[in-house]
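Under this note's numbering, think of the first position of the sequence shown as 323, with each following residue one higher.
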Amino acid sequence: MVLPFLFLFVLSPRRFDRHDRKGGAAPCPSRPVPRGPPPVARLRWGARHNGRVTRASLDKQPHEVASMFDDVAANYDLTNDVLSLGQARLWRKEVAKAVGARPAQKILDLAAGTATSSLPFAQTGAYVVPCDFSIGMLQVGKQRHPHLPLTAGDATKLPFRDGVFDAVTISFGLRNVQETDAALRELYRVTKPGGRVVICEFSQPTWAPFRTVYTEYLMRALPPVATAVSSNPDAYVYLAESIRAWPDQPALAARLQQAGWADVAWRNLTGGIVALHRGFKPKD
323 MVLPFLFLFV LSPRRFDRHD RKGGAAPCPS RPVPRGPPPV ARLRWGARHN
373 GRVTRASLDK QPHEVASMFD DVAANYDLTN DVLSLGQARL WRKEVAKAVG
423 ARPAQKILDL AAGTATSSLP FAQTGAYVVP CDFSIGMLQV GKQRHPHLPL
473 TAGDATKLPF RDGVFDAVTI SFGLRNVQET DAALRELYRV TKPGGRVVIC
523 EFSQPTWAPF RTVYTEYLMR ALPPVATAVS SNPDAYVYLA ESIRAWPDQP
573 ALAARLQQAG WADVAWRNLT GGIVALHRGF KPKD
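This is the structure we're talking about:
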């Protein structure tokens, strides 16, 4: 799910920051990768109102996350475009560039939702498999893109053989997985040796003054904006809280490395509101 923000400022995308050694995570020069497992808050669904989730606290329940996305499926893409002031499309383009799909390659687009994010890969001539655990999102996607092989699947138990994909990617979905590390290992399992992973996820703005304003916006301004434009504004309250609990750029890079990925690197989009993480599965 993509973030609505009204105080938009955009920084030119940079190359992936890299100064890795022997497959270690490659952070920005000023942000060293922490040693050992980083502390990450888990989300738990909290109070419900009229059958809808109204807030997130500390431990996600997969069926409730899926139900939330089922509720917003029909207007999901339109809402994201409007609320992000078009930045959602820019981020999708950057993901496509980072994946670098080529004709006849097999690409897994996990948490693909309605499969809008899968179209750039299909347009290259690659064989893309959009996969999601929300049946409602997949049904909307099948109506819009009947030519794509939309597949229902759990990120922690993917329904694919070992080493089948040339590249795997997940955009704005890893936050919603109950067992993040298990999902990173599953992505590793289904990737061919030499293949890559690209993760697009909300992160931490790099400029401290903006980070403060951004945090205030998430908790104060986002809910009323979502109420005005979304069919399920409660979902955007969850969005804000899940972003606040999510690890920053170096911490996610470390978790990728711990899952087996090599040459891990990241770069920031929109001042660090979003970050792209990339890694490779060793050929050996």
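In this text, a Cβ means the ideal position worked out from N, Cα and C, and glycines have one as well.
Spatial neighbours of T537 within its chain, please: C-beta separation below 8 Å, excluding the five flanking residues on both sides. R566
Member of F487, R600, V520 whose CA lies at the smallest distance from the CA of K514: F487
Does the count of Cβ pairs from the region 464-482 and the region 408-421 closer than 8 Å reach three? no
Environment of M541 [buried if 16+ CB atoms lie within 10 Å]: exposed
Q435 versus F532 - alpha carbon distance: Sequence check: residue 435 is Gly here, not Gln. Going by C-alpha positions, G435 is about 30 Å away from F532.
Host alpha helix (DSSP H) of D503 (start-end): 502-512
Taking W588 as part of the beta strand (DSSP E), name the residues at either end of that continuous run. Its beta strand (DSSP E) spans residues 584-591.
Could you say which of L412, I457, Y449 lies nearest to V296 if we only look at CA atoms? Not covered by the structure: residue 296. The range shown for the chain is 323 to 606.
Hey, could you find the ends of the alpha helix (DSSP H) K419 is sitting in? 409-421
Beta-carbon proximity list for W413, same chain, < 7 Å, skipping 5 on both sides: C522, L591, V596
Bounding residues of the alpha helix (DSSP H) (the contiguous stretch that carries Y536): First-last of the alpha helix (DSSP H) with Y536: 530-538.
Quick one: what's got a C-beta closer than 6 Å to W568's C-beta in the same chain, skipping five residues either side? R497
I'd like the list of long-range same chain contacts for P425, defined as Cβ closer than 7 Å, with 5 residues on each side in sequence excluded. T446, G447, A448
Which residues does DSSP list as the beta-bridge partners of T473? C453
Identify the continuous beta strand (DSSP E) that holds A573 and give its terminal residues. Unbroken run through A573 is the alpha helix (DSSP H), 571-580; no beta strand (DSSP E).
Environment of G516 [buried if 16+ CB atoms lie within 10 Å]: exposed
Please report the distance separating the alpha-carbon of F443 from that of Y539. When rounded, the distance between both Cα atoms is 33 Å.
CB-CB length for P471 against G463, believed under 8 Å: Actually they are not in contact, since the Cβ atoms of P471 and G463 sit about 11 Å apart, beyond 8 Å.
Could you check where the alpha helix (DSSP H) with A444 kicks off and where it finishes? 441-444
So is T534 buried or exposed if we call it buried at 16+ other beta carbons inside 10 Å? exposed
State buried or exposed for D606, treating a residue as buried only when at least 16 other CB atoms are found within 10 Å of its CB. D606 counts as exposed, since fewer than 16 other C-beta atoms from the protein chains shown sit within 10 angstroms of its C-beta.
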